[in-house]
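Mapped onto the numbering used here, the consecutive letters of the sequence shown carry residue numbers 6 to 459. Even for Gly, the Cβ is constructed at its ideal location relative to N, Cα and C.
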Amino acid sequence: MNPSLLLVTDEEATREAISGEVAGLGASVIHASSGEEALEILTSQPVDGIITGLKLKGIDGLTLLKGIQEIDEQLPVIMVTAYGTVAAAVEAMKAGAFDFLEKPFDQDDVRRTVQKALAMTRLVAENRVLREELERQYDFSAIIGTSPQVVEILRLAGDVAVTNATALISGESGTGKELLARAIHYNSGRVGHPFVAINCATLPENLLESELFGYESGAFTGAEKRKIGRFELAAGGTLFLDEIGEMTLAVQVKLLRVLELREFSRLGSTETLRADVRLIVATNRDLADLVSKRLFREDLYYRIHVFPITIPPLQERTQDILPLARHFLLELVERTGKMVTDIRPEARRILLNYGWPGNVRELKNVLERAVILTQDNSIGPEHLPLRLQEERVSLANVAVSLPRQGLSLEEVERSLLKQALERSRHNKSKAARLLGMSRATLRYRLKKFSLDAE
């Protein structure tokens with residue numbers, strides 16, 4: 006739709022001069038002869054900008070400006086001033102006006118100023134749409150699942166979102182740790198401020214430190230200009246540290262200091278900056294185990310272990326597989342335009358029986374591939390990767406020879422565990438799938454027979 010401008014003036018010459026230029030930009034003009042009339046119009050219909058004189062019938066331009074800001078503080082207001090009253094226009098700009106036009110009007114100046122105001126309105130509208138889309142995408146309702154585990158995760162996430170407490174999200178790769186972190190941020194009091202994420206596993210120690218804290222020009226070789234770190238970029242918002250278990254001990258010491266003092270300095274600077282951020286961290290490793298091996302600082306562990314949330318692997322919550330598959334299918338239909346609306350029973354059985362070592366991320370990729378391959382409105386077994394159709398190993402097809410002196414059930418179990426580990430090349434997720442048990446159960450049984458060390 007064409008943009009519209011509200012022109013507030015009781016001077017016929019001003020109205021004609023500005024209306025002509027605005028019409029040339031493809032914008033429509035709505036006229037008001039007083040500030041009171043302008044406010045009435047604003048409450049009944051939207052506009053993309055306002056041009057108003059300082060001197061008006063009834064309320065003056067500055068009072069009108071305050072009234073406009075109460076209705077929509079992001080609406081650009083251009084003030085019209087006569088020669089000799091520029092100081093008053095500057096005062097209006099300090100009060101929040103977008104710009105001013107001085108009489109007698111310069112046509113190029115009028116067009117340029119109006120174009121800038123309309124461009125700002127478009128940007129504000131686009132940002133608002135993007136913000137609403139982000140909030141919709143990262144609403145807790147976007148976390149799909151009906152299993153008791155997911156219900157509990159959502160309850161915990163909702164409880165911690167309204168606080169500033171540090172949240173520690175644990176789970177295997179692909180379970181949706183960053184999605185949950187974003188949902189916590191977008192449902193918190195910091196939603197109007199940035200969500201800044203960094204993966205600690207992708208950067209070496211020196212680069213990770215400079216990314217977190219920033220640096221001054223000349224702080225080290227190659228530092229040609231100042232760099233703002235992630236703590237600064239996330240000011241007022243949330244900083245998400247993914248794979249914190251990969252952080253070196255040297256950087257851990259500096260992170261601990263920031264968490265204790267709530268302040269930091271850029272590399273090469275003596276200036277102390279306030280760390281006004283909410284911290285959410287994630288890991289796919291057992292931090293307690295890393296602490297016992299002296300690979301993770303114990304004091305930092307207890308500092309970030311304020312509110313732990315564990316996301317179980319997908320194979321431990323199989324009742325979420327089909328709801329997730331349907332959710333991804335709807336997303337793919339919207340994105341690709343292919344009307345694939347069904348997963349056939351045989352394909353559903355395969356999805357349910359597979360162990361999903363790549364978790365939710367793998368399921369999403371499998372569905373995307375299937376949508377690309379299918380030529381009708383349904384997904385069948387032929388559209389799924391062959392690896393999904395491997396059968397689990399059962400007691401019936403595992404050869405266990407019985408010696409004359411007999412064999413205890415514990416020895417049978419130990420033998421099956423060792424065979425599963427060998428077949429999976431010690432991939433515990435795959436071994437668990439081969440045996441038809443959860444990864445947690447496998448870990449327990451490996452520990453029981455002292456096979457975890459092997």
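Do the CB positions of residue i and residue j come within less than 8 Å of each other?
i	j	result
Gly176	Ile355	no
Pro322	Leu264	Per the sequence shown, residue 322 should be read as Arg rather than Pro. Contact flag unset, no.
Leu70	Ala87	no
Ser208	Glu237	Note that residue 208 is Leu in the sequence shown, not Ser. No. Outside cutoff.
Leu47	Ile83	no
Asn204	Phe145	no
Glu216	Arg195	no
Val34	Ala28	yes
Lys232	Gly219	yes
Ala437	Ser443	yes
Gly179	Glu373	no
Leu11	Ile76	no
Thr243	Val296	no
Leu389	Val371	yes
Thr379	Val345	yes
Gln324	Ser152	yes
Thr171	Val256	no
Leu305	Leu261	yes
Leu106	Ala32	no
Thr19	Val119	no
Asp53	Thr168	no
Could you spell out where the beta strand (DSSP E) holding residue i opens and where it closes?
i	result
Asp325	Unbroken run through Asp325: none, as it is neither H nor E.
Phe218	Not the beta strand (DSSP E): Phe218 falls in the alpha helix (DSSP H), residues Glu210 to Phe218.
Asn204	Phe200 to Asn204
Leu10	Ser9 to Val13
Pro153	Unbroken run through Pro153 is the alpha helix (DSSP H), Pro153 to Ala166; no beta strand (DSSP E).
Arg283	Arg283 to Thr288
Ala172	Ala172 to Ser175
Ile314	Phe312 to Thr315
Should residue i be labelled buried (16 or more other beta-carbon atoms within 10 Å of its own) or exposed?
i	result
Val258	exposed
Arg271	buried
Asn364	buried
Ala401	Model confidence at Ala401 stands at a pLDDT of 40, short of 50, so the residue's coordinates are unreliable; what they give is reported in the following sentence. By the 10 Å Cβ count, Ala401 comes out exposed.
Gly150	buried
Glu396	Any reading at Glu396 must be qualified, since the residue scores a pLDDT of 45, below 50, and its modelled position is unreliable; no value is offered.
Glu251	buried
Phe225	exposed
Leu80	buried
Ile377	exposed
Ser399	Residue confidence for Ser399 is low, a pLDDT of 41 falling below 50, so the modelled location carries little weight; the figure read from the coordinates is stated next. Exposed: under 16 other Cβ atoms inside 10 Å.
Pro362	buried
Ile148	buried
Asp381	exposed
Leu414	exposed
Ala404	Caution applies to Ala404, whose pLDDT of 48 falls short of 50 and renders its modelled position unreliable; the value that the coordinates give is listed next. Exposed.
His431	exposed
Asp104	buried
Gly227	exposed
Ala375	buried
Lys453	exposed
Thr275	exposed
Does the beta carbon of residue i sit closer than 8 Å to a beta carbon anywhere in chain C?
i	result
Glu78	Absent here is chain C; the protein component of the structure consists of one chain.
On the DSSP letters alone, give me the boundaries of the alpha helix (DSSP H) that residue i sits inside.
i	result
Thr446	Arg444 to Lys453
Phe236	Arg235 to Leu238
Ile308	In the sequence as presented, Ile is not what sits at residue 308; that position holds Arg. Per DSSP, Arg308 belongs to the alpha helix (DSSP H) from Glu303 to Ile309.
Pro350	Pro350 to Asn358
Leu295	Leu292 to Ser297
Val371	Asn364 to Leu378
His190	Lys182 to Tyr191
Val417	Leu414 to Arg428
Ala436	Lys433 to Leu440
Check your understanding: Does the count of Cβ pairs from the stretch 283-299 and the stretch 184-191 closer than 8 Å reach three?
Key -> yes
Review point. What runs of the alpha helix (DSSP H), each 4 residues or longer, lie entirely inside the stretch 30-115?
Key: 40-49, 66-76 and 91-99
Practice item. Taking 8 Å as the threshold, find out whether the stretch 208-216 comes into contact with the stretch 157-170 through three or more Cβ pairs. Key: no
Point to revise | Inter-stretch contact at 8 Å, needing at least 3 Cβ pairs: the stretch 418-426 / the stretch 370-387 | key: no
Review point. Looking at C-beta atoms only, is the number of pairs between the stretch 23-38 and the stretch 50-70 that lie closer than 8 Å three or more?
Key: yes
Exercise for review: Say whether the stretch 8-27 touches the stretch 101-113, bearing in mind that this needs 3 or more beta-carbon pairs closer than 8 Å, one atom from each stretch.
Suggested key: yes
Exercise for review: Spell out a yes or no on whether the stretch 159-173 and the stretch 111-129 are touching, meaning 3 or more CB-CB pairs, one atom from each, closer than 8 Å.
Suggested key: no
Check your understanding: Counting Cβ pairs closer than 8 Å, one from the stretch 239-254 and one from the stretch 197-206, do we hit at least three?
Key -> yes
Check your understanding: If you scan the stretch 221-260 from start to end, which runs of the alpha helix (DSSP H) of 4 or more residues do you find wholly inside it?
Key -> 235-238
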